[in-house]
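Residue 1250 is where the sequence shown ends in UniProt numbering, and the numbering goes up by one at each step. Virtual Cβ for every residue (Gly too), placed ideally from N, Cα, C. Below is one structure, written out as structure tokens, with a few remarks after it.
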Amino acid sequence: MLSLPKIMDDPRVEWIKHVLYKAFNLVDDDIFTDFLERDEYGNELALAKFLNDSPEEGYQTVLFYKTCFEDEVEEKTVNLRFLTLLDRHFKTLTFGTSFAVIGDTLEPLMQALHMIWVLSRYYNQDENMVALLEPIATVIGTKVAEVVDIRTVFDQSPSEIIERMVEAMNLCDRWKSAYFTKRAEIEVKGRDARWEFDKKRLFARTDYIRSICADVQEVAGVLQAFNNIFGPELKSVTREPKRIDDVMQRVQELLHPFKQLDFEPHLVENKRSWTELMEQFREHVAGIEAEARNFINEAFQTLRSAESALDVWLKFRNIQTRDSIHELLNEKFGDILKQYEKEVWVISNLFDDGARIVPTVAKPPRARYSAPVSGAIKWERHLLSCIKRPMIRLVQLPETTQCEKGKSVRNLYIEVGKRMKAYEDQLYANWKSYTTNLVEQSLNQFILKPHTVVEVEPKPVSGTPVTSRSSVDQSVVSHKSVIAPRIDPEILECDFSVNFPHELTIAAHESKELEVLGYKLPENVANVVLKIDTYLEQVEHLTRITRTYHQLVSSITSVEALVLETHLRQVRQTLQPGWEILNWKSLSVADYISEADESLNQFHSVYAALEKTKNDIEGRLKEIAEADLFPEPPPRAPQYQPVTGALYTCKEYFALTSAERQKQFEDLAMKHTSISPLLIKLEGVVMKSSTGEHPDMVAYYAYWEQRIFDLLYQMIVRNLQLYLARVQHPGKPLFAVDLMLAGTDVVGNPQPAELYRLVIQELRDAVEITRLIVRWCRGSCKIAPGIKVDSTDELYRFTFYEEIAKSAEVADLVQQIARTYATHVDKMKRYQDSWRKHKNKFFPNKEAQVERWISKGRTAIEIHEKILEMEGKLADLCAIPTERLVGCIQLRLRELIHNVKEHSYKWTKAYAKQMHLVGHESLLSLQEEFKHRFEDLEDDPNSLDELKIMLKLIRDLHFSSLDVEFKIRDIQERYRLLRLHQYAVPDDEQQLASEIESTWNQLLEAARIKENSLGGVKRKFTKLTQDEIQNFAVLVERLAKRFYEEGPGTKTQDLDAGAAELGACQAEIEEVEKQRQELASAEKLFDLPITPYPQLLQIETELHGLAQLFAVYNAQKQAREEWAQTLWRELNIQNLQEGIEQYLKSLRQLPKAVRMHPIGRAIYEHMKTFKDSLPLFVDLRHEALRERHWSELMRKTGQSFDINPDTFTLASVFAMDLYQYQSQISEILAVAIKEMSIEKVCICSSCDCS
């Protein structure tokens, strides 16, 4: 049953709606929907029943009765009966599963419509008939549009798309064809009215949708065409597969605009957008097609092979693709011929380069395991096949014979093929001649052949190094001299090979291959081919025999050859026919092989016994060679390791090493003794005797004794070298030496000298241990017995020790080890001596030294720092590694560090003891002081002085709070540091130190209470103090008035008086200042504000400046008095100038306020005047001045003095105040100078006259 939405989509319902709206002139679209929803969708059910089931009269009458006027009921009923004729066709149109089914119902539908057109009066009108046909066209367009969804249709393959589009277009065409066919039939019959309906309404939508399908078919065709051309075939003939993939990527990108449409292409109003989209598509296709053409042109210019290109060309010739590309591919046949011609030339060049006539030095190319001639023929045939296959296909094409290029290529192929065939024939002819001669010559040769005979060098036993040492027994010569005169070199010749040429094997193999290739073989060659397996089997057996013989004989040493001489001759006699009698045509080769195997097996058994004995002896000698003269002692188990460390001490190490070495060499001596039975047993196998003294084995015995000595000597040297390396470049220490303190010195256990003695003894024992290896008797393998020596009870045994001890190499190694140990011991001693710089830290009497240091007065911090300093220094010593490597010796410092820590504890205890004494004394002193203060606070003052004393006590307590707290902190810090340094202090003393601060706080509280209790008395005496302050202020005012009017600062004219009065003034000011301080102290005691006295402060400031000025004045005055005692004749004017300048400089260095004081200016003028008068002193010392001139000077200055040179001093000159008489002095000096000039002239004249 159709629901309402589906009913509204049914074209028949649409037609019914159209009829109703036209009949009643309705406009509103909702009226028809409301009608169907009436009576709980009863009308809808009726309509559905009408549309889906066979019509019943009742339902049709009810439906049309409700929809039509009563006068139109009959007409509507008739129309409805006509429409039932179309019901089946409408259902097919609506629910058809394929376009073919829908197309097949169009012709019957047209026939039914024609019947309605003829019979119905209503539908006989054009507008009504068009209204009936138009929904049919709409349904067809809708069905096609649903199938042809542009956004998803391209997800299918191009062939499927094309098939679907053809079906869709056929449907549209059949709809139009059915209409026009029926219309033509109507016109031909001429009986009914013609169909002249509006074609735009009937076919516009279906034609447009058909054009859309055609465009989609075009797009799918383009994709299919490009896929056909750019496939694997094109990749196989080009060298650019990536470029082909890029082009195909661009082809796939053509579909992106169709898959991403933003409009509905099936709507006619979007026709312009669709047209633009298709134009863009065709433009892109043209671009890709142009690029494809270029690519194909380039690809055919660089073809990989003509055969693969021909395959592609043949495929493309019948493949549906773009017409332009198809034409282009047809043009590329000429490129294929060019490529084939190029390949023929390449094959021709390869053939010319590789063609060789065998046998030659440079053989032709062939397969790896192919014979030369057959391989060359196969190579030639392979080259020919490479150009033959394409030519066979080309000649079958008419295009080849129709063009000149094809004919020339065919002629080139024929020419190259003929040359190859001629080469093949020549190869076979040459091979046939060469192989026939080779077979005849090879089969007539002996089956074995000796190699070039060379002088046989005697060789030592395998794996035995030849030592340069001389024999231990000079009576037994070396093995060379023993064997050389007695061994026949012929029996040691063992280098034989099978005389079967490899060329014969190759010829047989090649004959088989040539026979497979179709060639006929010569008779003698064919026989060899038949017997080649037998020959090769005999060659294999003979090769094994010669190899075994060579391995046995070549491994025999000269000493062993002497022992096995008889057996060697027997084997050689058996093998001799192989290189003197037998050839490959002989029939007894198989018997010869059997006899040779049997003889070699017998010799091998004897040789195996000798080898076994040798290996057993070598095994024992290997233990001797690998013996360790200086074995490492086994490590201690962790539970047995001492505290000092896991290493053994020096004495323990050497004792364990010596014991292990003794045990090891006793075992080696037993193994050495067991060698003699082995040699006696070998003598029984080889010589059939068991004496141990067989004459033929004397050299063999001597060899093994020499071998024992060599290995023993090498073992000694190797061990000494290894031990030297361990001592010189140790990876780990050998043993340990414990260092400890003995007094103030660091000593070792053992000391360096004793350690060196132990090392020398260890080296001596290591060499003397070889006395345990006893030598054999001369000419035998028996142990030599001991010999009784006079003056001793012990037997003297012949050992290798004497020869080893005489060795310079051994002696040199022992000396190197001793020197190395001496160096290590010296370093050890220097390290012990380096601790001497710390001797002052290990003094036993530490308390005396600490007391001397504390006696200089040290604070707790200084003592603590000293403790930390000492602990730090000793801690640095303790922080050194507990183990120090000196060469191969490990110095263990644990005990030494323990001793240092003990000294560190003693130093800390000594300093802490002194700190405790000072702290205890301070604690008791402070406690006693607190006790007296408590007692003083208990007194009650009765007078002002007692009150001041009490208040001063309270005030002192407050003011001394910082000092007392500092002392308390110092005491607490001392006891804290004592606890820090773990110094034992009595508990009562510790408690007293912890309670001292609370005692101080109690004292302060008592002082506060006492001060509060003195409030009334304090107010009484405060009034008296204020009166004294007022009186003192009046006193200061009077003092200031007198100071500024009569003080020393007013004595500018009489500086000496000012200097004298300065002292009295200073004394008075000090007395006043003392009163001020007492009043200030009283003000503080009575909590009065401190009264300032600015006048007094100003007087003190000015007085301080005057003191500085008068100090300079008095200093220069004293200096002038000292200068005044200088005789006139001893005057040094420079000293006076420098002296007065120094005082002027001192004056200038005073503050500006001081220098600008009137007294300062007066002093400056006073000294400046003196300085200015100094040049006059120079004038008065002029040589022109005579006594009369000085008399004249005294007359003018009013001064009188004695000018006697012995008594005339500068005091008289200073008293003259010369600066006041500068003009008079200048005048007198000028007259004196003129008189002196006249005198000089007179004297000169008198001299001339005389």
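- For N899, there is no enclosing beta strand (DSSP E); the enclosing alpha helix (DSSP H) covers residues 894–937.
- When DSSP states are grouped into helix, strand and coil, F800 belongs to the coil group.
- In terms of Cα proximity to E540, the closest of W379, S834, P750, F500 is F500.
- Here K782 carries a coil assignment [DSSP, helix/strand/coil].
- In the displayed model, S370 falls within coil according to three-state DSSP, outside both helix and strand.
- A direct Cα-Cα distance of roughly 22 angstroms separates D192 from T84.
- In the three-state scheme derived from DSSP, where H, G and I count as helix and E and B as strand, D738 is classed as strand.
- Within the same chain, Cβ atoms closer than 6 angstroms to the Cβ of G1139 are found at A1119, the five residues on either side in sequence being excluded.
- By the beta-carbon neighbour count (other beta carbons within 10 angstroms, threshold 16), P752 is buried.
- Taking a C-beta distance under 9 angstroms as the contact criterion, K1051 and I1133 do not qualify as a contact pair.
- Taking C-beta atoms as the reference points, Q111 and M165 fail to come closer than 9 angstroms.
- In summary, E618 is buried, with 16 or more beta-carbon neighbours lying within 10 Å of its beta-carbon over all protein chains present.
- Shortest Cα-Cα distance from L755 to any of A822, P677, Q602 involves A822.
- The beta carbons of H266 and A100 sit about 21 angstroms from each other, so the pair does not count as a contact at 8 angstroms.
- Counting along the chain, the unbroken alpha helix (DSSP H) around K432 starts and ends at 404–443.
- Under the Cβ criterion (8 angstroms, minimum of three pairs), the segment 670–685 counts as touching the segment 771–782.
- In the same chain as S922, and ignoring 5 residues on each side of it, the C-beta atoms closer than 6 angstroms to its own belong to I971, in chain order.
- F197 and D126 do touch by the CB rule: their CB atoms are close to 6 angstroms apart, below 8 angstroms.
- Assignment of G518 by DSSP, reduced to helix, strand and coil, places it in the coil class.
- By DSSP's assignment, G748 forms a beta bridge with L739.
- Closest by C-alpha distance to R1148, out of Y1113, L1174, E1122, L1131, is Y1113.
- Note on geometry: alpha-carbon atoms of G287 and S305 lie some 29 angstroms from one another.
- Of the residues Q832, Q914, I861, the one whose Cα lies closest to the Cα of K846 is Q914.
- The segment 804–812 makes contact with the segment 711–727, as at least three CB pairs between them are under 8 angstroms.
- Annotated three-state conformation of R1186 is coil, per DSSP.
- When the five nearest sequence neighbours on each side are left out, no beta carbon in the same chain lies closer than 6 angstroms to the beta carbon of V188.
- Taking 8 angstroms as the upper bound for CB-CB distance, V589 and Q538 are in contact here, some 6 angstroms apart.
- Around the C-beta of F709, 16 or more other C-beta atoms lie within 10 Å, and the residue is accordingly described as buried.
- Here Q890 is bridged, per DSSP, to A736, L885.
- Within a 10 Å sphere around the beta-carbon of V373 sit 16 or more other beta-carbons, which makes this residue buried.
- In the DSSP secondary-structure assignment, T649 is bridged to A736.
- The shortest CA-to-CA distance from P634 to any of K622, A655, E626 is the one to A655.
- Here E902 has no same chain residue with a Cβ atom under 6 angstroms from its own Cβ, once five neighbours each way along the sequence are excluded.
- Of the candidates Y1093, P1089, V529, I1163, I1163 places its Cα closest to the Cα of A1111.
- Counting only runs that start and end inside the segment 572–620, there is no alpha helix (DSSP H) element of at least 4 residues.
- If only complete runs of 4 or more residues are kept, the segment 164–244 shows the alpha helix (DSSP H) at 199–229, 232–237, in order along the chain.
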